[in-house]
Each structure stands twice: as C-alpha cells, then as structure tokens.
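A.B. asks: One structure coming up, written as structure tokens, with questions to follow.
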Ligand SMILES: [Zn+2]
Ligand SMILES: [Zn+2]
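Numbering (our numbering), first residue to last: 251 to 547.
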C-alpha cells in the first residue's frame with residue numbers, strides 16, 4: 251500500500267487554505283517528496299509526517315512555488331540529525347541551485363546529500379519501483395514524473411495448500427520462479443502464483459498541454475496534474491504555460507488514467523468547485539486536491 255499526502259495545492263501565490271506545491275509519497279521504507287514549496291516543512295509537521303522519513307526529493311523545476319521550502323527543510327533535517335544520504339533529483343541546473351542555497355544560508359550543520367541532474371527517462375530503479383522523468387513545456391526547464399511500482403509475483407495460498415504446501419522457504423522458491431518437487435511431484439510456479447500489477451502514479455507539473463503529459467498519464471492509477479485555470483482562461487493558461495482543468499481531464503481520458511487529482515490552483519479561486527465540475531465533464535473520476543488530503547493506492 252502506498253500513501254500520498256498533499257502538502258500544498260496552490261500555484262504561484264499561497265492562500266490561507268493552500269500552501270505552495272508539494273506532496274509526499276510514502277512507499278515501504280521510502281519517503282519521496284515531490285517538489286518543496288515554501289512552508290513545506292511546516293505542512294509535514296501538521297500532517298504528522300516526520301521529515302526524517304524523506305529519502306528522495308524530486309524537483310520539477312526551480313520556480314519558487316516548487317522550491318522555496320528547500321533551505322528550511324535542509325536546516326531542519328540537519329537539526330534532526332538526519333542520518334541517511336538525501337537524494338535530490340531535478341532538471342539541469344539543480345546542482346548549481348542547491349550549491350547556492352548551501353552558500354547563501356548559514357547552516358550550522360550539513361547533512362549527507364547526493365544531487366542528480368536528470369538526463370534520461372528512467373533515472374532511478376530498484377527491485378521494487380522505478381522513477382521516470384519527462385520534459386514539459388514551461389517557461390524554464392521543467393520535468394513531470396512517474397512512479398512505477400514493479401509487478402509482484404504473489405502466491406495463491408489456497409491453491410498452494412491444496413497441493414500440500416504451507417508457508418516457508420518452498421513458497422519463496424516458487425515465488426522466485428523456481429519449480430519444486432514435493433513427494434515426487436513437480437510443482438511449477440505457474441501452478442500456484444499470479445502476478446499482481448504494480449501501481450503507477452503520474453505527476454504533471456507546470457506546463458502547457460503537450461505530448462509528454464500523455465506519457466506521464468499513460469494507464470496511471472493516480473494522475474496528479476496541475477490545473478492552474480479553468481478553460482474560460484484558456485489564453486492566459488497558454489501564455490503562462492499552464493494547463494486548465496479541461497486540459498488535465500482530456501489528458502487523463504486520452505491516456506487511460508484511472509483517477510485524476512487536480513492541483514496547483516490559481517489564487518483567484520476561493521472555491522475550486524467549478525474546476526472540478528469542468529474536469530468531470532471530460533473525465534468523471536476527477537477530484538480537486540486540498541492541503542493535507544490523503545490518498546491511498
Ligand atoms: Zn508552479
Ligand atoms: Zn512554474
């Protein structure tokens with residue numbers, strides 16, 4: 251089970267109810283922070299998430315509403331005696347920007363960090379999941395992300411028991427794709443195992459609607475998309491290189507996403523109900539995010 255928590259859902263200017271952009275994805279031992287707008291560390295505190303759980307920070311782009319929270323968060327991690335190596339990933343220029351932060355602020359301590367400028371689509375992979383990045387069309391270099399859990403081989407214990415098997419190393423062997431011999435009878439993995447499809451989360455950060463939006467959204471269980479404006483302000487959205495609720499919904503529908511969560515709203519919307527309704531016209535399973543909203547998938 252993965253859980254994500256929205257920490258900020260406003261665009262350039264935060265409001266009383268909406269902080270700058272960020273969300274946290276907790277997956278097994280990993281804590282992945284997607285963007286880190288101003289005030290993110292305080293939002294983590296309110297959400298009850300220990301910042302020391304963060305293992306990776308993914309930065310979509312270096313506009314302040316996505317990054318102003320980084321210096322404060324680094325200072326707190328140092329104060330909290332963060333004992334892992336924090337991995338920070340972002341577009342070209344990320345190393346320089348982090349170095350400026352470290353030089354500008356008088357940090358008492360520094361934590362162990364590795365900084366990566368993303369150059370290829372699949373930029374991280376382990377046995378459990380992969381992370382992918384796709385360039386978007388914004389005023390400055392900007393990336394959208396995909397978290398792709400790997401498929402898992404599961405054992406159907408009812409079937410296994412019928413064949414005389416019980417929990418233990420033999421089950422593990424079958425799960426890893428090896429046949430076993432029980433009482434002179436060969437049992438193949440396919441006799442007792444099945445594939446549980448891995449889950450996918452897509453994040454479309456600031457952009458005009460473009461082809462890569464669809465790649466990020468492709469068959470995603472959860473698609474998080476910026477939706478700064480409603481389609482009445484189509485031209486403004488185009489000029490400012492942002493998407494409307496309709497754009498996001500059409501991307502979700504075209505790419506076979508299962509659920510769309512809109513975020514990154516302009517401060518002009520005291521209520522985002524109209525944006526949600528607009529999105530639902532094109533993609534019924536749409537919902538607007540709010541700060542501290544939790545989603546399990
Ligand atoms: Zn933004
Ligand atoms: Zn931006």
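Ideal Cβ positions, reconstructed from N, Cα and C, are used throughout, including at glycine.
What I want to know is whether the C-beta of residue 285 ends up closer than 7 Å to one or more non-hydrogen atoms of ligand 2.
C.D. replies: No, Cβ of residue 285 sits at least 7 Å from all heavy atoms of ligand 2.
A.B. asks: According to DSSP, what are the bridge partners of residue 474?
C.D. replies: Residue 474 is bridged to 453 and 511.
A.B. asks: Determine the DSSP secondary structure at residue 517, reduced to helix, strand or coil.
C.D. replies: In this structure, residue 517 counts as coil in the three-state DSSP scheme.
A.B. asks: What does the Cβ neighbour count give for residue 314, buried or exposed, with the cut at 16 atoms within 10 Å?
C.D. replies: Looking at its Cβ environment, which holds fewer than 16 other Cβ atoms inside 10 Å, residue 314 is exposed.
A.B. asks: Judging by CA-CA distance, which residue of 285, 266, 264 and 274 is the nearest neighbour of residue 543?
C.D. replies: Considering only alpha carbons, the answer is 274.
A.B. asks: Here's the rule I'm using: 16 or more other beta-carbon atoms within 10 Å means buried, otherwise exposed. How should residue 317 be labelled?
C.D. replies: By the neighbour-count rule (16 or more Cβ atoms within 10 Å), residue 317 is buried.
A.B. asks: I need the boundaries of the beta strand (DSSP E) containing residue 538, first residue and last residue.
C.D. replies: Residue 538 -> beta strand (DSSP E) spans 536-538.
A.B. asks: Give the C-beta separation of residue 485 and residue 528 to the nearest angstrom, bearing in mind that I take them to be a contact with Cβ-Cβ under 8 Å.
C.D. replies: So it is not a contact: roughly 16 Å between Cβ atoms.
A.B. asks: Would you call residue 268 buried or exposed, if buried means 16 or more other Cβ atoms sit within 10 Å of its Cβ?
C.D. replies: Buried, since its Cβ has 16 or more Cβ neighbours within 10 Å.
A.B. asks: Can you find a heavy atom of ligand 1 that lies under 7 Å from the Cβ of residue 261?
C.D. replies: Under cutoff, so the answer is yes.
A.B. asks: Taking 5 Å as the limit, tell me which residues put their C-beta closer than that to any heavy atom of ligand 2, in chain order.
C.D. replies: Taking each Cβ in turn, the ones that pass are 313 and 456.
A.B. asks: Straight-line CA distance for residue 325 to residue 359?
C.D. replies: Whole-angstrom Cα-Cα distance: 8 Å.
A.B. asks: So residue 419 is in the alpha helix (DSSP H); what residue range does that whole segment cover?
C.D. replies: Note, residue 419: alpha helix (DSSP H), 419-425.
A.B. asks: I'd like to check one pair, residue 258 with residue 271: are the Cβ atoms closer than 8 Å?
C.D. replies: Yes, they are a contact pair.
A.B. asks: In this structure, how does DSSP classify residue 368 when only helix, strand and coil are distinguished?
C.D. replies: Of the three classes helix, strand and coil, the one that applies to residue 368 here is coil, per DSSP.
A.B. asks: Do you know offhand how far residue 376's Cα is from residue 339's?
C.D. replies: Cα to Cα, residue 376 sits roughly 16 Å from residue 339.
A.B. asks: Taking all protein chains shown into account, do 16 or more other C-beta atoms lie within 10 angstroms of the C-beta of residue 402, making it buried, or fewer, making it exposed?
C.D. replies: Exposed: under 16 other Cβ atoms inside 10 Å.
A.B. asks: Pop quiz: residue 521 and residue 498 are said to be a contact at Cβ under 8 Å. What is the actual Cβ separation, rounded to whole angstroms?
C.D. replies: Going by Cβ atoms, the distance from residue 521 to residue 498 rounds to 18 Å, so no, they are not a contact pair.
A.B. asks: Out of curiosity, what's the CA-to-CA distance linking residue 440 and residue 431?
C.D. replies: Those two C-alpha atoms are separated by around 14 Å.
A.B. asks: Pull up the distance between the alpha-carbon of residue 405 and that of residue 452, whole angstroms please.
C.D. replies: Roughly 29 Å separates the two Cα atoms.
A.B. asks: Does at least one heavy atom of ligand 1 sit under 7 Å from the Cβ of residue 315?
C.D. replies: Within the cutoff, so yes.
A.B. asks: Among residues of its own chain, excluding the 5 on either side of residue 548, which ones have a beta-carbon nearer than 7 Å to its beta-carbon?
C.D. replies: Residue 548 lies beyond the range of the chain shown here (251 to 547); nothing can be said about it.
A.B. asks: Might you give, ordered along the chain, the residues of its own chain that have their beta carbon closer than 8 Å to the beta carbon of residue 428, omitting 5 neighbours on each side?
C.D. replies: Excluding positions up to five away in sequence, the list reads 439.
A.B. asks: Based on Cα-Cα distance, which residue from 470, 353 and 458 lies nearest to residue 494?
C.D. replies: Nearest C-alpha to residue 494: 458.
A.B. asks: If you measure from the CB of residue 477, is any heavy atom of ligand 1 nearer than 7 Å?
C.D. replies: No, Cβ of residue 477 sits at least 7 Å from all heavy atoms of ligand 1.
A.B. asks: With H, G and I counted as helix, E and B as strand and the rest as coil, what does DSSP make of residue 403?
C.D. replies: Looking at residue 403 - three-state DSSP - the assignment turns out to be strand.
A.B. asks: Around the Cβ of residue 446, are there at least 16 other Cβ atoms within 10 angstroms (buried) or fewer (exposed)?
C.D. replies: Exposed.
A.B. asks: Using CA atoms only, rank isn't needed, just tell me which of 415, 410, 489 and 371 is closest to residue 466.
C.D. replies: Checked all of 415, 410, 489 and 371; the closest Cα to residue 466 is 371.
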